[in-house]
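Residue 1 is where the sequence shown starts when you use the UniProt record's numbering, and the numbers rise one by one after that.
Idealized CB from N, CA, C, for every residue including glycine.
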Amino acid sequence: MPGLSGDEVLEAIRERGIDCRVVMVTAVSPGPDILDLPFDEYLVKPVSRDEMQTAVSRMLVRATYDETVQEIVAIVSKMATLESKLSLAEMEASPGYTALTERYAELRAEIDLRDSDDKMYVESSTEKMDGVFG
Numbered sequence: 001m002p003g004l005s006g007d008e009v010l011e012a013i014r015e016r017g018i019d020c021r022v023v024m025v026t027a028v029s030p031g032p033d034i035l036d037l038p039f040d041e042y043l044v045k046p047v048s049r050d051e052m053q054t055a056v057s058r059m060l061v062r063a064t065y066d067e068t069v070q071e072i073v074a075i076v077s078k079m080a081t082l083e084s085k086l087s088l089a090e091m092e093a094s095p096g097y098t099a100l101t102e103r104y105a106e107l108r109a110e111i112d113l114r115d116s117d118d119k120m121y122v123e124s125s126t127e128k129m130d131g132v133f134g
């Protein structure tokens, strides 16, 4: 993006209080540094038309969830992204990844995903599996 980094765009969105889902589309392979960025999904270029349409469809569905469920699904997406790109040793060495998994467990304990919207549970499980198995 000419003149702005993705981080700067995210910061501007959040500073303005814009309540929207964010899909990062970037040429940068993800690392533990993405954990602090407030995005919902992270796609690495090249991204096909189908991948983009699927991501947008997921964001439209996520927008219907309450805040806790939205956070859970965003966390699952980040975990899946990192798990697909980092080794187990890299994840274990990352305090940010550990904090993310702990936050996921906290939120998961607050609500029972199996008793909430089935589509959301399937989505979070599918994203996690896609990230791990590719």
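Problem set entry | Residue range of the unbroken beta strand (DSSP E) whose run includes D25 | According to the sequence provided, residue 25 is Val. The question's Asp does not apply to it. V25 -> beta strand (DSSP E) spans 23-26.
For this session: Can you grab the Cα-Cα spacing for the pair E106 / L35, in whole Å?
Result: 17 Å
For this session: Would you kindly work out how many angstroms separate the C-alpha atoms of residue 142 and G31, rounded to a whole number?
Result: Given that the chain is displayed from residue 1 to residue 134, the structure contains no residue 142 and the question cannot be resolved.
Exercise. Using DSSP with H/G/I as helix, E/B as strand and the rest coil, what is L86?
Worked result: Shown here, L86 sits in coil according to DSSP, grouped into three states, outside any helix or strand.
Exercise. Taking just the CA atoms, how far does L88 sit from P38?
Worked result: 24 Å
Problem set entry | Reduced DSSP secondary structure (H/G/I, E/B, other) of L43 | strand
For this session: Measure the beta-carbon distance from Y97 to I72 and round it to whole angstroms, keeping in mind my assumption that it falls under 8 Å.
Result: That pair is no contact at about 16 Å.
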